[in-house]
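This report concerns only the one structure given below.
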């Protein structure tokens, strides 16, 4: 059985501290008359802060904390303009999301609750850091599962202190924009990432291990650095180019980008190993004008192929990862000899330029 370690996540834009807040008193005593017309309005009190529903899609509901998340009773369908205060939980359905904005909007804070999520608003109040005397709007959210994406802009004298807590991790930020916390339901897996700006530091409570993230990086429960986990999230296409038919073949040939891991260019290795004199000659006849002719440049070839297959992304000569080794895109039509011999199918195929040149030269040298 897997054992998940306690985990704390801190995103900072300065020195890490643990502030202690004293909550501001209400703007006016209970039962007091509102200010007369023309008088200055009082500053927002703790109870005046809420999360305003500014945008939603699909099925989004909210209910008081403690309501059964699996039941329908007690839940209210959210609509634009609703205000969520402390002690409110929110759930989103399939293909549903809701955008919440802190109001009053000082400092500006926005939260996006992604599909299939369950979260709650634990605390919303304005307090004062007893160590520095600086005012801050304290936001505490709970995340049972799903994902929350958020951004906070620090401006003026009042700063923002946001924490998103789950059963295994806590995300805290101070002056960070576009951060995300994903919690997988029932497994203990989570992922915390920073997309735009700020500084993110992940701390594992039990071991004290720390991982610092810069914009564009992420960390999960493995506590591995981002570069060590990137290989696990890169999609790798495994296609049986000889088994695909019709629209599937054309789609993969025209839309697949990047260089494959096991077979760069989309099984070009098998085509280059085509057996038989007729197949080899047909392939050489297709490749030779491309790789050896001075009149036909790589740019002309790419533009020609791109014009034929206007849908899908345009390939870059050096490959999508910018390694500079170069690929040669070739489009096989129904009249191509290799297609008629059964050695290839109609569609587009990319070859390593070095492999194509070597194949053509070897064929010319041996006469095969």
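Numbering (the working numbering), first residue to last: 1 to 368.
Note that beta-carbon positions come from the ideal geometry of N, C-alpha and C, so glycine has one too.
No experiment lies behind these values; they were computed from the predicted model shown.
The segment 120-135 and the segment 68-82 do not touch, with fewer than three beta-carbon pairs separated by less than 8 Å. Our two residues, residue 210 and residue 188, have alpha carbons roughly 19 Å apart in a direct line.
Here residue 64 carries a strand assignment [DSSP, helix/strand/coil].
For residue 163, the beta-bridge partners assigned by DSSP are 140, 172. Nearest Cα to residue 111 within the set 125, 332, 143: 143. One thing to note: residue 358 has its Cβ no nearer than 9 Å to the Cβ of residue 330. When the alpha-carbon of residue 342 is set against those of 243, 115, 221, 180, the nearest one is in 243. Taking the CA atoms as reference points, residue 228 sits about 45 Å from residue 74.
The bridge partners DSSP lists for residue 97 are 57. DSSP places residue 196 in the strand class (E or B) of the three-state scheme. In the structure shown, residue 158 falls within a coil segment according to DSSP collapsed to helix, strand and coil.
One Cα belongs to residue 145, the other to residue 65, and the distance between them is close to 15 Å.
With contacts defined by Cβ atoms closer than 9 Å, residue 52 and residue 103 form a contacting pair. For residue 338, the enclosing alpha helix (DSSP H) stretches over residues 337-340. Around the Cβ of residue 350, a 10 Å sphere holds 16 or more other Cβ atoms; the residue is buried. Per DSSP, the unbroken beta strand (DSSP E) holding residue 119 starts and ends at 118-129.
Around the CB of residue 77, fewer than 16 other CB atoms lie within 10 Å, so the residue is classed as exposed. Under the DSSP assignment, residue 185 falls outside any beta strand (DSSP E); it carries neither an H nor an E label. Non-local C-beta neighbours of residue 333 in its own chain, meaning closer than 8 Å and more than five positions away in sequence, comprise 339, 346, ordered along the chain.
Residue pairing by DSSP places residue 333 in no beta bridge whatsoever. According to the DSSP secondary-structure assignment, residue 146 is paired through a beta bridge with 183.
The three-state secondary structure of residue 228, taken from DSSP, is helix. Contact between residue 90 and residue 113 is confirmed by a C-beta separation of about 6 Å, below the 8 Å threshold. DSSP places residue 350 in the uninterrupted beta strand (DSSP E) bounded by 347-352. Just measuring C-alpha positions, the residue of 223, 118, 363 sitting nearest residue 71 is 118. Secondary structure at residue 82: coil, using DSSP grouped into helix, strand and coil. In this structure, DSSP gives residue 106 a state outside helix and strand, which the three-state scheme calls coil. The continuous beta strand (DSSP E) containing residue 90 extends over residues 88-92. Per DSSP, the unbroken beta strand (DSSP E) holding residue 212 starts and ends at 210-213.
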